[in-house]
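K.L.:
This is the structure I want to talk about, given as structure tokens.
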Amino acid sequence: MNDRYDAGYGSDQYELVGYDEYGQPVYRQIPAQQQQTYDPYAGQGQGQGQGQGYGYDPYAGGGQQTAPAYDTGQQAPVYDTGQQSTVPPTSGYDGYDPYGTGGQTAYDPYGQAATSGRQPRVAEQTAHIPQQAGPVREPAEPRQADDEGEGDYHTGQFAFVEQPDGDSEDVIDWLNFTENRTERREEAKRRARSRMIALVVVLALVAVGGVGYLWYAGKIPGVSSAGTKSGTTTSAAAQKRDVVVVHLHNTGGGGTSTVLLVDNTTTKQGSTVLLPNSLALTDDDGSTTTLAKSVDDDGSSGTRDQLDTVLGTNIEGTWRLDTPYLQNLVELVGNIDIDTNADVPDPDTKKKGEAPLVHQGKDQTLSGKAAVAYATYRASGEAQNAQLERFGQVMQGVLRKMSSDASAATTTVQTLAQILDPSLTDKDLGTFLAKLADLAKGGDYKTALLPVQSDGTLSAETSSSVVKDILGGTAKSPSAGSAVRVSVQNATGVKDDTEKARVVLVNGGYTFLEGGTATTTQAASKVLYSDAADKENATEVAKTLGLGTAAVQKGTVGSGADVSVVLGQDYKPSSS
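Using the numbering used here, the first residue of the sequence shown is number 1, and each one after it goes up by one.
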């Protein structure tokens, strides 16, 4: 079924009024009074057996009831734009009759009866035939309003809706430009804020990490980390330490010097603890002795046990280091650099006025021989602690030059070719020294002197900073009544004689008490006792100082002492 919709179909007629914006033709319906009677198939009243030719008769006559063909006075021209195919003539007709004479009824191909009247006209509307295409034409002028006052409009009148003028485009472009520039500025501000926030976060993390590391390492003044002495996480007594005692034997001048090497594996701190020779110890039979005497008499094993008892620590081994081995050790590590506090003469030079072997000053480079001379040097009138501190400087300088590799440090120890105590092997000593060397190079190393009272005992108040904090022990000095207490007053006129007498008495196992210096000198020395029970002790003191028994007398003894000694000009320290 073909639902054609062409202009001119049926009883209504259409005329072309223009083209729309898409180039399609636009038609409108012709009013009834203006329509031209057009019947291409006139004479349908005839039977189909009397078919007539295809055509129309504009001047039809013969009494047929047809409307006038044209009304030139009022009607507009009629255009038949519908393209109709040619129908071949039917039987009984030889050709085309343009005038349609004969009164035959025209053939209606759409089945409309000749007697049917005109169909009711639908309200005027515009027909759009998309199949047809025509040339692009200017829009037609709008028709004038009809009698009812309504205007007839077409799409050309609303062209301004689809075609913005140039000014509006400029405004849109300017708005787009300003909007894009504003967006770019806002985006730049957002990026700048993001970078600033990121920078602040990074700086905060770095600051927190740095402070945390300094706190953990215990390098913030007044603040201790969890592993330091005042930390709350690990107490001083619970910290893990490795301790080795070192005895320096001066094979040339005599005497010994003792230090403790401590590696605190909990706090990563290394220390050298200087032990004065006057430190009071208790020997195997329960009698009181001194550290120096214990080293000479009891040897390494006995002294180590006595130190453990007095200091409350656990010493793992003993390293006997004679001065020739110290000289070789310094040379093996490639000399040492320390700050010296005195000019040290060459011990092999007997001439006076020779240049010193060691010069006083900062960052002095010492060879093996110079290091030994400095470590054993004790000037006239100096206490033994001054020489002990020099030995501690030399040991720390050696550790700074020692290799931090355990195998390399072990090789250095083996190269010394010294016989070690059975409690300490070459490998153990090498590994221990390598750990201390790493701490000494990193600045996590210190040297401390154990504070000993004049009688050789330890005070809980004065020794806690070393015994408790560094060694993690508790001081347990022998009781005051276990050793003979000797008070010494110097009346020789030589200041150094007091210290020399103190060393001799302490090494002899006596408790030394400072008696001061007499206002006047005396020719003869005196050893006094107040109780007859102390006469024998006074006699032993006189022998220890090199004085004769004639110096022993009964007299007034100073407070807190068992025996009082007044050194006269007859006292000869060299003979003691």
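Ideal Cβ placement from N, Cα and C applies to all residues, glycine included.
Going by DSSP, name the residue or residues bridged to S257.
P.N.:
L248
K.L.:
I'd like the list of long-range same chain contacts for K401, defined as Cβ closer than 7 Å, with 5 residues on each side in sequence excluded.
P.N.:
Taken in chain order, the residues that qualify are V333, G334 and I336.
K.L.:
Which residue from R241, T323, L214 and Y14 puts its Cα closest to that of L471?
P.N.:
In terms of Cα proximity to L471, the closest of R241, T323, L214 and Y14 is R241.
K.L.:
Are the region 270-289 and the region 378-388 touching, with three or more C-beta to C-beta distances below 8 Å?
P.N.:
The region 270-289 is in contact with the region 378-388.
K.L.:
Rounding to the nearest angstrom, what Cα-Cα distance links N341 and P356 in this structure?
P.N.:
13 Å
K.L.:
In chain order, what residues of the same chain lie with their CB nearer than 7 Å to the CB of L416, ignoring the 5 residues before and after it?
P.N.:
Excluding positions up to five away in sequence, the list reads Y325, N328 and L329.
K.L.:
Counting pairs of beta carbons, one from the region 347-364 and one from the region 418-432, are three or more of them closer than 8 Å?
P.N.:
no
K.L.:
Quickly, what does DSSP pair I338 with across the bridge? List them, please.
P.N.:
According to DSSP, I338 bridges with Q364.
K.L.:
Considering only residues of the same chain and omitting the five flanking positions on each side of G392, which have a CB-CB separation below 7 Å?
P.N.:
V259, T272, L274 and T447
K.L.:
In this structure, does DSSP put Q13 in helix, strand or coil?
P.N.:
In the three-state reduction of the DSSP assignment, Q13 falls in the coil class, being assigned neither a helical nor a strand state.
K.L.:
For G368, tell me which candidate among L513, V200, T544 and M395 has the shortest Cα-Cα distance.
P.N.:
M395
K.L.:
To the nearest angstrom, report how far apart L545 and V243 are at their CA atoms.
P.N.:
36 Å
K.L.:
Looking at Y529 and the ligand SAH, is the gap between the Cβ and the nearest heavy atom below 7 Å?
P.N.:
The ligand SAH is not part of the structure shown, which contains no ligands of any sort.
K.L.:
Looking at the unbroken alpha helix (DSSP H) that takes in P324, where does it start and where does it end?
P.N.:
T323 to V333 is the span of the alpha helix (DSSP H), which, as asked, contains P324.
K.L.:
Determine, using beta carbons only, whether L458 and V486 come nearer to each other than 8 Å.
P.N.:
no
K.L.:
Tell me whether V557 sits in a helix, a strand or coil according to DSSP, three-state version.
P.N.:
coil
K.L.:
Could you have a look at A422 and say whether DSSP puts it in helix, strand or coil?
P.N.:
Correcting the residue type first, residue 422 is Pro in the shown sequence and not Ala. Three-state result, P422: coil.
K.L.:
Identify the continuous alpha helix (DSSP H) that holds R590 and give its terminal residues.
P.N.:
As shown, the chain starts at 1 and ends at 576. That puts residue 590 outside it, with no answer to give.
K.L.:
Can you tell which of W319, A408, Q489 and S287 has its C-alpha closest to the C-alpha of G508?
P.N.:
Closest by C-alpha distance to G508, out of W319, A408, Q489 and S287, is S287.
K.L.:
Pairing CB atoms from the region 508-517 with CB atoms from the region 301-320, are three or more of them under 8 Å?
P.N.:
no
K.L.:
Under 8 Å by Cβ, that's how I've got Q569 and T492 pegged, so tell me the actual separation to the nearest angstrom.
P.N.:
5 Å
K.L.:
Measure the C-alpha to C-alpha separation of R185 and R193 and round it to an integer number of angstroms.
P.N.:
Taking the straight line joining both Cα atoms gives about 12 Å.
K.L.:
Any idea what DSSP makes of Q125, helix, strand or coil?
P.N.:
The pLDDT assigned to Q125 is 45, lower than 50, so where the model puts this residue is not dependable; a value taken from the coordinates is nonetheless given after this. Coil.
K.L.:
To the nearest angstrom, how far is it from the Cα of S235 to the Cα of L203?
P.N.:
34 Å
K.L.:
At a Cβ threshold of 8 Å, is L429 touching chain B?
P.N.:
Protein chains in the displayed structure number just one, and chain B is not present.
K.L.:
Could you pull out every residue in the same chain whose Cβ sits closer than 8 Å to the Cβ of G548, ignoring the five residues on either side in sequence?
P.N.:
Counting only Cβ-Cβ distances below 8 Å, and skipping sequence neighbours, we find A542.
K.L.:
Among the residues of its own chain, which have a CB less than 6 Å from the CB of T580, if the five just before and after it don't count?
P.N.:
Because the chain is modelled from 1 through 576, residue 580 falls outside the range shown and cannot be assessed.
K.L.:
Tell me, please, which residues DSSP counts as bridged to P25.
P.N.:
Partner(s): Y19.
K.L.:
Taking only three categories from DSSP, how would you classify Q396?
P.N.:
helix
K.L.:
Whole-angstrom Cβ separation of L436 and D308, contact assumed at under 8 Å?
P.N.:
Not a contact, Cβ separation roughly 20 Å.
K.L.:
Under DSSP, the beta strand (DSSP E) around K500 begins and ends at which residues?
P.N.:
It is not in any beta strand (DSSP E) - K500 instead sits in the alpha helix (DSSP H) that spans D496 to N507.
K.L.:
Would you say L399 and S257 are within 8 Å of each other, going by their C-beta atoms?
P.N.:
Not a contact, by the Cβ cut-off of 8 Å.
K.L.:
Please classify V565 as buried or exposed, where buried requires at least 16 neighbouring CB atoms within 10 angstroms.
P.N.:
buried
K.L.:
Considering only their Cβ atoms, is the gap separating V488 from L567 smaller than 8 Å?
P.N.:
yes
K.L.:
Could you tell me the distance, in whole angstroms, from the CA atom of Q522 to the CA atom of D534?
P.N.:
24 Å
K.L.:
L528 and V484 - do their beta-carbons sit closer together than 8 Å?
P.N.:
no
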